[in-house]
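>
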Amino acid sequence: MSDLNLAKQEPVFNTNKSMVYVLFGFLGFLILFPVLSPGQFLLHLMIMIFMHAVISQSWNIIGGFSGQISLGHGAFFGIGAYASSFFYVEFGLTPWIGIIIGILICAVIAILVGIPMLRLSGHYFAIATLLVGISFQIIFQRWDLVGAASGLWIPLTSEDSYYAMQFHSSKTPYYYLFLIFFVIIFFITWLISRSKLGYRLRAVRDDAQAAQSLGIDVAKHKIIAFAISAMMMAPMGSLFAQYILIVDPDRMFNFEISIIALLISVLGGIGYVWGPLVGTIILIPLAEYARIFFGGTGGAVDLMVYGIVLMIICVFKPSGIISLLPNHILHREKKR
Amino acid sequence: MSILKVENLSKSFGGIHANQDISFEVQAGEILGVIGPNGAGKSTLFDLITGFTKPDKGSVIFQDQNIFGLRPDKISNLGVGRTFQKLKPFADQTLLENVMIGAFSKENNQKVARDKALEIIEFVQLLEKRHHYAKELSTGQRKRLELARALATDPKLLLMDEVTGGVDQKTIPGLVELVKKLRDRGVTVITIEHNINIIMDISNHVLALDQGKKIAFGQPKEIQNNQKVIDAYLGTVDAA
Chain L
8 MSDLNLAKQE
18 PVFNTNKSMV
28 YVLFGFLGFL
38 ILFPVLSPGQ
48 FLLHLMIMIF
58 MHAVISQSWN
68 IIGGFSGQIS
78 LGHGAFFGIG
88 AYASSFFYVE
98 FGLTPWIGII
108 IGILICAVIA
118 ILVGIPMLRL
128 SGHYFAIATL
138 LVGISFQIIF
148 QRWDLVGAAS
158 GLWIPLTSED
168 SYYAMQFHSS
178 KTPYYYLFLI
188 FFVIIFFITW
198 LISRSKLGYR
208 LRAVRDDAQA
218 AQSLGIDVAK
228 HKIIAFAISA
238 MMMAPMGSLF
248 AQYILIVDPD
258 RMFNFEISII
268 ALLISVLGGI
278 GYVWGPLVGT
288 IILIPLAEYA
298 RIFFGGTGGA
308 VDLMVYGIVL
318 MIICVFKPSG
328 IISLLPNHIL
338 HREKKR
Chain U
4 MSILKVENLS
14 KSFGGIHANQ
24 DISFEVQAGE
34 ILGVIGPNGA
44 GKSTLFDLIT
54 GFTKPDKGSV
64 IFQDQNIFGL
74 RPDKISNLGV
84 GRTFQKLKPF
94 ADQTLLENVM
104 IGAFSKENNQ
114 KVARDKALEI
124 IEFVQLLEKR
134 HHYAKELSTG
144 QRKRLELARA
154 LATDPKLLLM
164 DEVTGGVDQK
174 TIPGLVELVK
184 KLRDRGVTVI
194 TIEHNINIIM
204 DISNHVLALD
214 QGKKIAFGQP
224 KEIQNNQKVI
234 DAYLGTVDAA
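Note that the protein sequences, when read in sequence, are chains L and U.
Everything in the first sequence is counted per the working numbering, starting at 8 for the first residue and increasing by one.
Everything in the second sequence is counted per the working numbering, starting at 4 for the first residue and increasing by one.
1. When you compare the CB of U/Thr194 with every CB in chain L, is at least one pair closer than 7 Å?
2. On the criterion of 16 or more Cβ atoms from any shown chain inside 10 Å, does L/Phe48 qualify as buried, or is it exposed?
3. Run through DSSP, which three-state label would L/Ile277 get?
4. So for U/Val170, helix, strand or coil by DSSP?
5. If you run the structure through DSSP and keep just helix, strand and coil, what is L/Ile287?
6. Please list the partners that L/Arg209 has in chain U, where partner means a Cβ-to-Cβ separation under 9 Å.
7. Below 8 Å, can you find three or more Cβ-Cβ pairs linking the region 225-239 of chain L to the region 31-51 of chain L?
8. Would L/Lys178 pass as an interface residue toward chain U - the criterion being a Cβ-Cβ separation below 7 Å?
9. Under 7 Å, do L/Ala60 and L/Leu284 count as touching if we go by C-beta distance?
10. With distances taken from CA atoms, which of L/Ile62, L/Lys24, L/Asn12 and L/Phe323 is nearest L/Val190?
11. Got a sec? Which residues, its chain only, sit under 7 Å from U/Gly189 by beta carbon, not counting five neighbours each side?
12. So with CB distances below 8 Å, who are the chain L contacts of U/Lys114?
13. I want to verify the contact list: residues of chain U whose CB lies under 9 Å from the CB of L/Ile122, in sequence order.
14. Under a three-way DSSP split, which group does L/Val120 fall into?
15. Which one of L/Thr287, L/Val42, L/Val115 and L/Ile54 has the shortest CA to CA distance from L/Phe188?
16. Out of U/His208, U/Asp24 and U/Val127, point me to the one whose CA is closest to U/Gln222's CA.
17. Bridge partners of U/Met163, per DSSP?
18. When you compare the CB positions of U/Leu210 and U/Val9, do they come within less than 7 Å of one another, or not?
19. Please list the terminal residues of the continuous beta strand (DSSP E) segment that includes U/Val209.
20. Would U/Val102 and U/Ala153 be called neighbours here (beta carbons separated by less than 7 Å)?
21. Relative to the C-alpha of U/Ile25, which residue among U/Ser79, U/Leu35, U/Gly44 and U/Ile205 is closest?
22. Which residues in chain U sit within 8 Å of L/Ala241, going by Cβ to Cβ distance?
23. Just grab the DSSP bridge partners of U/Glu10 for me.
24. For U/Asp50, which three-state DSSP category applies?
25. Using the beta-carbon count (16 or more within 10 Å), is U/Ala242 buried or exposed?
26. Just confirm the distance between the C-beta atoms of L/Asp214 and U/Asp95, as a whole number of angstroms; I'd bet it's less than 8 Å.
27. Give me the Cα-Cα distance between L/Phe93 and L/Leu159, rounded to the nearest whole angstrom.
28. Can you check whether the CB of U/Lys132 is closer than 7 Å to the CB of U/Leu98?
29. Relative to the C-alpha of L/Phe147, which candidate in L/Val254, L/Pro41, L/Cys321 and L/Ser330 has its C-alpha closest?
30. Measuring straight from C-alpha to C-alpha, what distance separates U/Arg117 and L/Ser265?
This is the structure:
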């Protein structure tokens, strides 16, 4: 058989069997984890890991796959949080539908904001997103309909309620809620990364002119990436709002959310599907334990830890922790 | 049959006429060589035809359709491919992935796009390098990569900016052969080329530019003996 025919028979994706088992084993462990009665703190830690993994994956879609550095992604987190909470507080609409409304609103806003902003390149786009992020916080601080600076207090139900998505007796239902979104969003990202869209987004990132010469509408692809990214951020805002049951501008439009999304991605490895997960697994426990260790005074200690870890990574492994793994695990086809 | 008809195409940057009233026709299935000294406006002409620079005036008719001022991706999708003088590979992706991105312009199916990319990679004789990252390839190999990537979009017309520039002498004949094989595949080619021997060897027609203007158009033999061309281009080479 000719070399060409042999090449054609290579698998399209060199998926490593043992990696698949590891992934399913990991997923099985996550599903069974609450059964081991790990205690409220560990459940909380896992919830934070799921949430931050998704937040940074959302950032990874626009920052890692399509190469546009966003510094205002927290805005979509806040919009998601307000959307589901507002419709529940005002109209008694279940957050299940509120989450979907939040996702749709974020998609529309991402497209409207993205059309003018994504024409800007490089640093200018980053600055614009930073300002948009801050503007949303200011808007919500002044907007009486959504409670202005004091925000929305979600009325508590007397007992656990799936309709109201409130669980007071245990964190376990929240754990599963976050887990479901985490799995779905990572699965979607995995699909995108090996699809035609994924290839074309990477092309736009690596060289926009070359991408254009191959028939790729660069502006459209950036907007698609921005919208997908925003749609991933929204449900995390909604779920977090249900988790803490209070929605206010300072918490939900916190600049820290935008920065953490970026930090985790860079730390884990931008442009890789599993980069944000690796980054989260390292950073979030570190940050949470640092907070416990240094006590209530250390509000910013976790950020200092981020900074130090990030500096080490930038100096020694700029492509992220995940690039320490062998190639086949990164779902790259083998070289040579 | 003419596949491309350029009329009075002009572009100025500030007060400089990068291209001034350039008109010519390209016949389907031929190789048109574009020559001229540095700064003659060759690359600008390519950018105007492929939409990377907005022309000031004139018209560009590709297969009976006016593509004047369209966006580069639209022009590419209509069947005009190009390579760049300053190479633009997707550096962090493999050769195969690079070419697949080209193939995705006409194909949606992953497997079909991959097979097509592999066939083209074999055509440019880089099959054994398919899993190498673009940044690991030599300049000559990256030229082939760009060629393969552009070919994967199924262009009817391919504009090649200095295929043999910046590569060592040994690899030039192979690249020249590739260009000829392209024509045999039915792709019309416009190529910018500094090496006069290559131009004389492969071109059906030659367009000579100097200081943004067309100074001659015709068969290679005619161009070789054209006094204006000798003065502007060959003359300076002799004097040097």
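Backbone N, C-alpha and C fix where the C-beta goes; we use that ideal spot for every residue, glycine too.
Computed from a predicted model, the values in this text were never measured in an experiment.
Quick look at the numbers:
1. At a cut-off of 7 Å between C-beta atoms, U/Thr194 does not count as an interface residue with respect to chain L.
2. Looking at its Cβ environment, which holds fewer than 16 other Cβ atoms inside 10 Å, L/Phe48 is exposed.
3. Of the three classes helix, strand and coil, the one that applies to L/Ile277 here is coil, per DSSP.
4. Looking at U/Val170 - three-state DSSP - the assignment turns out to be coil, as it is neither helix nor strand.
5. The displayed chain sequence assigns Thr, not Ile, to residue 287 of chain L. Note: L/Thr287 maps to helix in three-state DSSP.
6. Correct list: Phe93, Asp95, Gln96, Glu100 and Ile104.
7. In short, these stretches do not touch, since the Cβ pair count stays below three.
8. No, no contact with chain U.
9. Using a Cβ distance threshold of 7 Å, L/Ala60 and L/Leu284 count as a contacting pair.
10. Of the listed residues, the one whose Cα sits closest to L/Val190 is L/Ile62.
11. Excluding sequence neighbours, U/Gly189 sits near Gly32.
12. Those are Val19, listed as they occur along chain L.
13. Neighbourhood of L/Ile122 in chain U, by CB distance below 9 Å: empty, with the nearest CB roughly 15 Å away.
14. In the structure shown, L/Val120 falls within a helical segment according to DSSP collapsed to helix, strand and coil.
15. Residue nearest to L/Phe188 within the set L/Thr287, L/Val42, L/Val115 and L/Ile54 is L/Ile54 (criterion: CA-CA distance).
16. It is U/His208 whose Cα lies nearest to the Cα of U/Gln222.
17. In DSSP, U/Met163 forms a bridge with U/Thr194.
18. Contact flag unset, no.
19. Start and end: His208 to Asp213.
20. No, they are not a contact pair.
21. Residue U/Gly44 holds the alpha-carbon nearest to the alpha-carbon of U/Ile25 among U/Ser79, U/Leu35, U/Gly44 and U/Ile205.
22. Correct list: empty, because the minimum Cβ distance to chain U is about 28 Å.
23. Under DSSP, U/Glu10 takes part in a beta bridge, and its partners are U/Ser62.
24. Residue state, collapsed to three classes: helix.
25. Here the model assigns U/Ala242 a pLDDT of 46, short of 50, so the residue's position is not dependable, and the following value carries that caveat. Exposed is the call here.
26. Their Cβ separation, rounded to whole angstroms, is 10 Å, which puts L/Asp214 and U/Asp95 out of contact at 8 Å.
27. For L/Phe93 and L/Leu159, the distance between alpha carbons rounds to 7 Å.
28. A contact, by the Cβ cut-off of 7 Å.
29. Answer by Cα proximity: L/Val254.
30. Those two C-alpha atoms are separated by around 37 Å.
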